[in-house]
Ligand code: ADP
Ligand code: MG
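In our numbering, the protein residues as written are 23 to 175.
Written as C-alpha cells, this is what we have:
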C-alpha cells in the first residue's frame, strides 16, 4: 500500500455504462489490475451497480463470478481467484461496532483483495484505497467514477 502524497495526486476515471454487463466489464477491468492487499471502496445508492461491479471484479481476479451476489447471510463472502482471495463485504445493514468486529484491517493485512459496498459506513477505511462511486443516470445508465492513488515510485 502506498502513502497519500503531494507527489502522487489521485487519478480519476469517469465512465458511463448502459446495462449491467457494461458495469461488470468495468469491474473486471479493475479486478485485473488488483494485487494482494488491494482495497476497493464502493459508494452509491441501492441498485446503482456496486454488486454488479464486484461480479466483474471476481472475474478479473480469476474467480467464479456466478458466486457473486449481495452478501446477506454471511457478512463477508470469499471468492478464490488466481493467487488471491477476493473478500466481498456489504456494510449496508451493519452498525459501526459490528463493522469494527469484522476485522477488515486484518483481511487487508493478510494480503486479501477486499471489495466493500457502502464503504462510507466504515469510519476506519483506508485512505489509500481505490474508490469507486456509482450514480444512477436513469433506466439502465450509470456513471462510474474511479479514483485511484498512484503508487509512489
Ligand atoms: P447495488 O449493489 O449498488 O445495490 P446491484 O448491482 O445489486 O446494485 O443492482 C443493480 C441493478 O441495476 C441490477 O438489477 C441491474 O440489472 C440493474 N442495472 C441496470 N443498468 C445497470 C448498469 N448500467 N449497471 C449496473 N446495473 C444496472
Ligand atoms: Mg449490492
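Think of the CB as a built atom: it goes at the ideal place given N, C-alpha and C, for glycine as much as any other residue.
Practice prompt. Can you tell me which of the three DSSP states residue 62 falls into?
Written response: Locating residue 62 in the chain shown gives position 40, where the first residue counts as 1. The answer is strand: DSSP assigns residue 62 an E or B state.
Whose C-alpha, out of 36, 99, 32, is nearest the C-alpha of residue 164?
Walking along the chain shown from the start, residue 164 turns up at place 142. Selected option, being the one with the closest Cα: 36.
CA-to-CA distance, residue 80 to residue 40, given in whole angstroms: The residue given as residue 40 occupies position 18 in the chain shown. The residue given as residue 80 occupies position 58 in the chain shown. Distance between the alpha carbons of residue 40 and residue 80: 20 Å.
Count the other C-beta atoms from every protein chain shown that fall within 10 angstroms of the C-beta of residue 45, then say buried if there are 16 or more, exposed otherwise. In the chain shown, the residue the question calls residue 45 occupies position 23. When all chains shown are included, residue 45 counts as buried.
Item to check | Own chain, CB closer than 6 Å to residue 75, minus 5 neighbours either side, in chain order | outcome: Indexing the chain shown from 1 puts residue 75 at position 53. So the list reads 45, 49, once near-sequence residues are dropped.
Rounded Cβ spacing between residue 137 and residue 64 (contact assumed at less than 8 Å) = Reading the chain shown from its first residue, position 115 is the one you call residue 137. Reading the chain shown from its first residue, position 42 is the one you call residue 64. Indeed they touch by this definition, with Cβ atoms about 6 Å apart.
* residue 40: CB within 7 Å of a non-hydrogen atom of the ligand ADP -> The residue you call residue 40 lines up with position 18 of the chain shown. Under cutoff, so the answer is yes.
Helix, strand or coil, according to DSSP, for residue 151 in the structure here? Stepping through the chain shown from its first residue, residue 151 is reached at position 129. Coil at residue 151, not helix or strand.
query = Mind checking whether residue 62 and residue 154 have CB atoms under 8 Å apart?
reply = What you label residue 62 is simply residue 40 of the chain shown in a count that begins at 1. What you label residue 154 is simply residue 132 of the chain shown in a count that begins at 1. The Cβ atoms of residue 62 and residue 154 lie closer than 8 Å to each other.
(message) If you reduce the DSSP assignment to three classes, tell me which class residue 85 lands in.
(response) For the purposes of this step, residue 85 is taken as residue 63 along the chain shown, with counting starting at 1. DSSP places residue 85 in coil when its eight states are reduced to three.
### Query
Between 151, 113, 124, which lies nearest to residue 168 when the distance is taken from Cα to Cα?
In the chain shown, residue 168 corresponds to position 146, counting from 1. Comparing Cα positions, the closest option is 151.
Margin query: Does residue 32 come out as helix, strand or coil in the three-state DSSP assignment?
Written below: Within the chain shown, numbered from 1, the residue matching residue 32 stands at position 10. In this structure, residue 32 counts as strand in the three-state DSSP scheme.
Restricting to Cα atoms, I'd like to know which of 116, 117, 133, 159 is closest to residue 107.
Here residue 107 is taken as the residue at index 85 of the chain shown, counted from 1. Residue 133 is the option with its Cα nearest to residue 107.
Original post:
Using CA coordinates, which residue listed in 42, 60, 105 is at the minimum distance from residue 195?
Top reply: No statement about residue 195 is possible, as the shown extent of the chain runs from 23 to 175 and does not include it.
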